[in-house]
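Note that the working numbering numbers the sequence shown so that position 77 is 184, with each residue one more than the last.
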Amino acid sequence: IFFCVTKRFRKLQFGRNNEAEALAFHELARVASGYLGQDAVYHQNFAGNCIENPSEYCLSGGLGPKKFDCSGLIIRSLCDLLDCTIETDGLRHVRDMWRSAEEHTAYMRASLAVGVLAVMRRRYMIDGIPTEIPGHIGVVSSVEDEVTIIHANPRNGKVEQSILRDQTNVMGYIALNLA
């Protein structure tokens, strides 16, 4: 997906200036909003522990168009925007997208803006040690009075637009690496 996405995203930008880049990111938020109201699920509920035992369903489930997990909504929205076939290329989970941003490969760190991706932390106990990892992702849909995101919310069972109330849970913002 990401070779295809970055190649087509560059074409969408008409010369890669900041104004065109902002327009492309706004389009991602618009496309994601088309899935509002669709079913949302926890990835682990249908795929099991993908960290220890990735399965084919781990890589293919939750990608919509009727049922999404959080990273599946992002992948589907990008593919819809750019008319790409969904191929996850090892970047199926939010933690993979975050790692890619840290390594400046398919994704990069970004500033808060409409259409960038907000990465939220999840807190786990692993071998008795409190650990924070990238655990949820959504598309920023507004930065006016309050920051809102479009995301697959498995707690409510729907893709929804929500206010990002607790900014301390945000690990950071990422976007496709357009360089």
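Glycine is no exception: its CB is placed at the ideal position from the N, C-alpha and C atoms.
If you compare alpha carbons, which of the options is closest to residue i?
{"i": "residue 217", "options": "199, 247, 234 and 191", "result": "247"}
{"i": "residue 226", "options": "192, 181 and 132", "result": "181"}
{"i": "residue 185", "options": "265, 214 and 249", "result": "214"}
{"i": "residue 140", "options": "188, 169, 167 and 239", "result": "188"}
{"i": "residue 138", "options": "234, 266, 239 and 254", "result": "266"}
{"i": "residue 210", "options": "229, 283 and 271", "result": "283"}
{"i": "residue 264", "options": "133, 255, 206 and 169", "result": "169"}
{"i": "residue 208", "options": "134, 279, 133 and 135", "result": "279"}
{"i": "residue 254", "options": "238, 243, 228 and 219", "result": "219"}
How would you call residue i, buried or exposed, if buried means at least 16 neighbouring beta carbons within 10 angstroms?
{"i": "residue 176", "result": "buried"}
{"i": "residue 147", "result": "buried"}
{"i": "residue 199", "result": "buried"}
{"i": "residue 183", "result": "buried"}
{"i": "residue 167", "result": "exposed"}
{"i": "residue 275", "result": "exposed"}
{"i": "residue 232", "result": "exposed"}
{"i": "residue 172", "result": "exposed"}
{"i": "residue 135", "result": "buried"}
If you draw a straight line from the C-alpha of residue i to the C-alpha of residue j, how long is it?
{"i": "residue 201", "j": "residue 268", "result": "18 angstroms"}
{"i": "residue 190", "j": "residue 277", "result": "30 angstroms"}
{"i": "residue 281", "j": "residue 142", "result": "21 angstroms"}
{"i": "residue 261", "j": "residue 149", "result": "5 angstroms"}
{"i": "residue 178", "j": "residue 245", "result": "8 angstroms"}
{"i": "residue 224", "j": "residue 235", "result": "30 angstroms"}
{"i": "residue 270", "j": "residue 203", "result": "25 angstroms"}
{"i": "residue 84", "j": "residue 221", "result": "No answer is possible for residue 84: it lies beyond the span of the chain, which begins at 108 and ends at 286."}
Along the beta strand (DSSP E) that carries residue i, what are the first and last residues, could you check?
{"i": "residue 208", "result": "Note, residue 208: premise wrong, no beta strand (DSSP E); alpha helix (DSSP H) at 201-210."}
Considering only DSSP beta bridges, list what residue i is partnered with.
{"i": "residue 229", "result": "240"}
{"i": "residue 146", "result": "174 and 265"}
{"i": "residue 277", "result": "227"}
{"i": "residue 249", "result": "255"}
{"i": "residue 270", "result": "255"}
{"i": "residue 283", "result": "214"}
Quick check on residue i - is its C-beta less than 7 angstroms from some C-beta in chain C?
{"i": "residue 248", "result": "Among the chains in the structure shown there is no chain C, since it carries only a single protein chain."}
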